[in-house]
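Asker:
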Amino acid sequence: MPKDSIFENPFLELLTNAYAQNVADTIVSPTLDAIVDPNLVGTITPTPTPTETITPTTSGTKVSLLLQTQQTIELNDTFNVSLEIESGTTQIKGFTITISYDPNTVSIENSTYSDTYFTSNNEIIENQAAGEIVIVGNAQADPVTINRAIAQLTFRAQSPGDILISIDQDSARSSIFSSSNTNVLGVVQNLELQVGSMITTTPTPSITQPIKELPKNDFDDIAE
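Counting in UniProt numbering, the sequence shown runs from 1 upward without gaps.
1. On a CA-only basis, which of Arg156, Leu191, Ile146, Tyr101 is nearest Ile92? Give me that one, please.
2. At the level of alpha carbons, what is the spacing between Pro103 and Thr116?
3. For Ser100, count neighbouring Cβ atoms within 10 angstroms of its own Cβ and tell me buried if that reaches 16, exposed if not.
4. According to the Cβ coordinates, are Asn122 and Val144 closer than 8 Å?
5. Using the Cα positions of Gly94 and Val184, report the straight-line distance between them to the nearest angstrom.
6. Closest to Glu74 by CA distance: which of Gly88, Ser159, Lys62, Asn80 is it?
7. Going by other Cβ atoms of all chains shown within 10 Å of its Cβ, with 16 needed for buried, is Gly186 buried or exposed?
8. Considering only residues of the same chain and omitting the five flanking positions on each side of Ala149, which have a CB-CB separation below 7 Å?
9. At which residues does the beta strand (DSSP E) containing Asn138 begin and terminate?
10. Specify the secondary structure class of Asp102 as computed by DSSP and reduced to three states.
11. Mapping the DSSP letters down to three states, classify Ala141 as helix, strand or coil.
12. Across which residues does DSSP place residue 293 in a beta bridge pair?
13. What residue from Val134, Thr78, Arg173, Glu86 has the CA that sits closest to Ile163's CA?
14. Within its chain, find whatever has a CB closer than 6 Å to the CB of Ile124; leave out the 5 residues flanking it on each side and keep chain order.
15. To the nearest angstrom, report how far apart Leu193 and Thr69 are at their CA atoms.
16. Enumerate in chain order the residues of its own chain whose CB-to-CB distance from Ser107 is below 8 Å, with the five nearest sequence positions on each side excluded.
17. Find out if the Cβ-Cβ distance for the pair Ile167, Asn190 is shorter than 8 Å.
18. Three-state secondary structure (DSSP) at Asn76?
19. Gln140: buried (16+ other C-beta within 10 angstroms of its C-beta) or exposed?
20. Please confirm whether Asn80 and Gln152 have their CB atoms less than 8 Å apart.
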């Protein structure tokens with residue numbers, strides 16, 4: 001048989017060429033490993049995770065002095081004020097609220113205790129010379145929530161100018177006690193008037209010295 005007669009068989013030629021190509025691919029196509037550029041080495045900063053900003057809220061029971069009727073108050077006019085307590089869902093066992101005013105600008109003409117549940121040892125003490133009214137009430141039985149007016153006060157304008165009737169924020173003089181005997185007085189809303197002016201807006205609430213536990217005598221600040 002001639003030397004190159006093997007290639008006269010097409011099938012054998014095809015197998016031979018395929019084998020040769022496979023060997024060539026193995027030689028010239030090695031597996032490439034990952035190449036790391038040393039100049040790119042550095043510190044990778046992770047993406048920060050967003051955090052939620054929590055806005056503090058005012059807590060505690062609110063006590064408000066509210067003008068019952070929108071009116072223009074002139075010198076010697078009388079006007080009626082409601083004292084309201086809003087405890088939300090907090091159960092209350094009793095309270096002592098001290099109201100202060102300048103006896104040179106207003107006088108207390110009448111006071112009526114109107115709550116029908118906090119009637120145990122309840123009383124209203126008026127002191128015109130000191131410019132002070134103390135209102136006390138205690139629950140008949142179990143502590144309950146309270147979200148209503150508890151007293152009505154009638155004042156008379158004694159002099160022209162500004163009038164301020166406020167709730168004393170000293171914890172020894174104004175306290176609202178929860179079922180756990182904790183003072184939960186948190187916010188007061190005072191009443192500011194001007195003789196000769198129409199009253200059409202509600203005063204902005206002010207923050208009292210906040211909640212404390214008995215028998216301490218001072219409060220920590222409440223965050224707004």
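Don't be surprised by glycine CBs; every beta carbon is placed ideally from N, CA and C.
Given the structure is predicted, the values throughout are model-derived calculations rather than measurements.
Answerer: Quick answer:
1. Ile146
2. 30 Å
3. buried
4. no
5. 11 Å
6. Ser159
7. buried
8. Ser82, Leu83, Glu84, Ser114
9. 132-138 is the span of the beta strand (DSSP E), which, as asked, contains Asn138.
10. In the three-state reduction of the DSSP assignment, Asp102 falls in the coil class, being assigned neither a helical nor a strand state.
11. In this structure, Ala141 counts as coil in the three-state DSSP scheme.
12. In the structure as shown, the chain starts at 1 and stops at 224, and residue 293 therefore has no counterpart that could be examined.
13. Among Val134, Thr78, Arg173, Glu86, the Cα nearest to that of Ile163 belongs to Thr78.
14. So the qualifying residues of the chain are Ser111, Tyr113, Ile135.
15. 12 Å
16. Gln128, Phe155, Arg156, Gln158
17. yes
18. coil
19. exposed
20. Judged by beta-carbon spacing, Gln152 lies within the 8 Å limit of Asn80, meaning their Cβ atoms are closer than that value.
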